[in-house]
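Asker: Chains as they are written, first to last, in my numbering: chain A, 4 to 300; chain B, 4 to 300. Cβ coordinates follow ideal geometry from the N, Cα and C atoms, glycine included. All values reported here derive from a predicted model rather than from experimental measurement.
1) Please state whether DSSP places residue 86/A in a helix, a strand or coil.
2) Would you tell me roughly how many angstroms separate the C-alpha atoms of residue 45/B and residue 14/B, rounded to the nearest one?
3) When the Cα atoms are used, what is the spatial distance from residue 99/A to residue 213/A?
4) Starting from residue 265/A, find everything on chain B with Cβ-Cβ shorter than 9 Å and list it in chain order.
5) Taking 8 Å as the threshold (beta carbon to beta carbon), is residue 244/B in contact with chain A?
6) Examine chain B for any beta-carbon lying closer than 8 Å to the beta-carbon of residue 94/A, and answer yes or no.
7) What residues of chain A sit near residue 2/B, judged by a beta carbon separation below 8 Å?
8) Does the count of Cβ pairs from the region 51–58 of chain A and the region 24–37 of chain A closer than 8 Å reach three?
9) Whose C-beta lies closer than 6 Å to the C-beta of residue 270/B among residues of the same chain, with five residues either side of it excluded?
10) Using beta carbons (cut-off 8 Å, strictly below), is residue 99/A in contact with chain B?
11) Residue 6/B versus chain A: which residues are under 7 Å apart at the beta carbon?
12) Give the straight-line distance between the Cα atoms of residue 161/A and residue 200/A, rounded to the nearest whole angstrom.
13) For a cutoff of 8 Å on Cβ pairs, would you count residue 35/A as touching chain B?
14) Tell me which residues of the region 245–260 of chain A have at least one Cβ-Cβ distance to chain B shorter than 8 Å, keeping chain order.
15) Give me the DSSP bridge partner(s) of residue 116/A.
16) Where does residue 152/A sit, in a helix, a strand or coil, going by DSSP?
17) Using a beta-carbon distance cut-off of less than 8 Å, what residues from the region 32–62 of chain A approach chain B?
18) Return the first residue and the last residue of the alpha helix (DSSP H) that residue 296/B is part of.
19) Between the beta-carbon of residue 275/B and the beta-carbon of residue 293/A, is there less than 8 Å?
20) If residue 173/B sits next to residue 72/B, beta carbons under 8 Å apart, how far is it from one beta carbon to the other, in whole angstroms?
21) Compare the C-beta of residue 153/A with all C-beta atoms of chain B and state if any pair is closer than 8 Å.
22) Exposed or buried, residue 20/A, counting other C-beta atoms within 10 Å across all chains shown (16 or more means buried)?
23) Does the Cβ-Cβ distance between residue 128/B and residue 179/B come in under 8 Å?
24) If distances are taken between C-alpha atoms only, which option among 148/B, 136/B and 96/B comes closest to residue 82/B?
25) Distance cutoff 8 Å, beta carbons only. Does residue 186/B sit that close to anything in chain A?
26) Near residue 226/A, what residues of its chain come up, given a Cβ to Cβ distance below 8 Å and the 5 sequence neighbours on each side ignored?
27) Which whole-angstrom value is the C-beta distance of residue 9/B and residue 135/B, which I expect to be below 8 Å?
28) Does the distance from the C-beta atom of residue 59/A to that of residue 22/A stay below 8 Å?
29) In angstroms, rounded to a whole number, what distance separates the CA positions of residue 96/B and residue 247/A?
30) Which residues share a DSSP beta bridge with residue 265/B?
31) Could you check the C-alpha separation between residue 86/A and residue 203/A for me, to the nearest Å?
32) Assign residue 230/B to one of three DSSP states: helix, strand, or coil.
33) Jot down the residue ranges of each uninterrupted beta strand (DSSP E) in the region 38–102 of chain A, minimum 3 residues, whole runs only, in chain order.
34) Do residue 131/B and residue 104/B have their C-beta atoms within less than 8 Å of each other?
35) Counting along the chain, where does the alpha helix (DSSP H) carrying residue 21/A start and finish?
36) Might you give, ordered along the chain, the residues of its own chain that have their beta carbon closer than 7 Å to the beta carbon of residue 120/A, omitting 5 neighbours on each side?
Written out as structure tokens, the structure is:
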């Protein structure tokens with residue numbers, strides 16, 4: 004059976020009872036699992052990690068939008084994280100037995116349904132975008148809820164589905180499809196922040212580095228070391244081992260060693276199998292040779 | 004639910020209808036899966052790969068022994084592979100949610116059951132062995148079926164369970180518990196067989212190398228290269244990445260590069276995750292961070 008992940012971000016991170024009620028309702032949806040719920044009070048935002056088949060998600064997301072709309076009014080919402088809607092962003096992510104095309108189709112189906120039934124304008128982003136200038140979430144969200152009415156009135160910012168004005172209390176929702184994102188940090192055996200920042204500049208796409216890497220250098224004050232903190236946005240095209248090797252190489256140019264690396268949160272099995280294949284120079288290997296995968300065929 | 008693998012080797016590799024009938028009967032056992040069946044006519048031997056919970060295997064193995072005994076008579080059996088019994092050897096292997104202790108207990112339960120109900124002497128080997136000189140399968144099998152009556156009459160070779168003479172047509176069966184075995188080959192960018200043999204000597208336990216490595220050097224005539232062909236018998240204690248690095252290092256001493264490596268058949272997920280962790284210098288990583296594993300919790 005196909006498994007698709009969805010990670011809706013909702014604009015409520017303080018009233019955890021509201022978030023728990025929504026998560027409980029989602030748990031009752033057949034074919035759906037709630038893997039994780041993280042609420043951040045400062046951001047006033049929660050991130051839910053769901054997994055299921057297309058049918059389960061098609062039922063779950065409109066329910067999540069409807070329940071969040073009843074509980075959240077953006078006119079009085081304050082929080083540090085930028086947001087456009089009560090349900091701010093809903094990505095669909097192919098995990099197993101589902102393609103990116105399946106996730107794009109699902110994003111468009113769900114987007115249309117949410118817009119028509121709940122009266123919320125919907126923008127499609129990343130792989131589900133219907134115009135190149137809507138691929139990037141930050142571009143769609145710029146101006147936030149407070150600037151949304153003005154933005155929607157300017158040429159080129161009619162939503163992909165739904166009304167041409169913001170929903171009064173729920174703003175707009177951004178729905179799309181993307182690859183799994185890997186949060187990957189490499190700690191350096193030095194306290195020189197300039198080195199971490201130079202390496203981040205070298206490896207990230209925005210300043211000339213690898214296509215699917217976002218990176219910044221930061222200090223780990225309590226440990227006396229520095230970190231290259233990264234998001235890998237397409238592990239198939241920019242694999243984790245190439246990022247590691249490049250960071251190690253750039254660090255050597257400053258006489259610095261890699262201390263360790265860390266994966267924050269979840270990672271697709273394939274990303275680590277690819278690393279093992281690369282370093283062990285495995286030829287002709289298939290994930291079907293992994294015993295646990297064979298057991299679940 | 005716990006998953007245990009079992010890889011019974013039976014002394015029939017020519018009459019594939021017999022083997023297919025046994026496999027079909029196993030497929031009907033609740034809680035059991037038949038993952039693979041390989042028959043070798045020259046060896047006149049078949050290897051079945053089964054996976055299931057302890058209950059499924061406790062039902063399946065005596066059935067497999069009984070059906071094989073009805074079909075195979077070792078007094079007329081010929082084949083190149085050494086064998087002691089109609090069902091020659093049955094290892095139990097911990098895969099997921101099961102410990103080695105669980106597999107040892109299962110081996111002893113099944114061994115006792117087979118001996119008592121079917122009248123076949125049973126020897127316990129590897130981790131299930133009750134005496135150190137029965138850990139090694141080759142020591143138990145030495146002399147084969149033809150020498151078994153004489154061997155059983157000598158001091159120290161009474162079976163762990165069952166009668167003190169061979170079963171007339173089915174000999175004896177060796178049952179035990181062991182770690183998953185990884186068949187791992189490394190091909191060298193040279194045609195110098197002496198280099199492959201020297202590396203095999205360096206890395207294998209029997210001549211001073213790593214504890215859980217069996218290795219030999221051989222020529223791949225059709226490809227014009229040589230291979231270090233290995234069995235890794237405990238990937239937790241002698242991990243695959245350490246074997247790869249050592250072979251690479253030894254090859255360099257002869258000015259030879261590693262061309263590629265290959266995994267033959269199945270490999271536990273953990274063996275490859277450990278390799279990724281090692282080369283990426285991952286700290287604090289857990290297999291629970293693999294998305295697919297999380298989905299199946």
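Answerer: Once the coordinates are examined:
1) coil
2) 11 Å
3) 26 Å
4) 285, 286, 287 and 288
5) yes
6) no
7) Limits of chain B in this structure are 4 at one end and 300 at the other, which puts residue 2/B out of reach.
8) yes
9) 185
10) yes
11) 298
12) 39 Å
13) no
14) 247
15) Residue 116/A pairs with nothing; no bridge assigned.
16) helix
17) 36, 38 and 54
18) 294–298
19) yes
20) 5 Å
21) no
22) exposed
23) yes
24) 148/B
25) no
26) 190
27) Not really, about 24 Å apart at Cβ, beyond 8 Å.
28) no
29) 35 Å
30) 188/B
31) 27 Å
32) strand
33) 48–55 and 90–99
34) no
35) 19–30
36) 65
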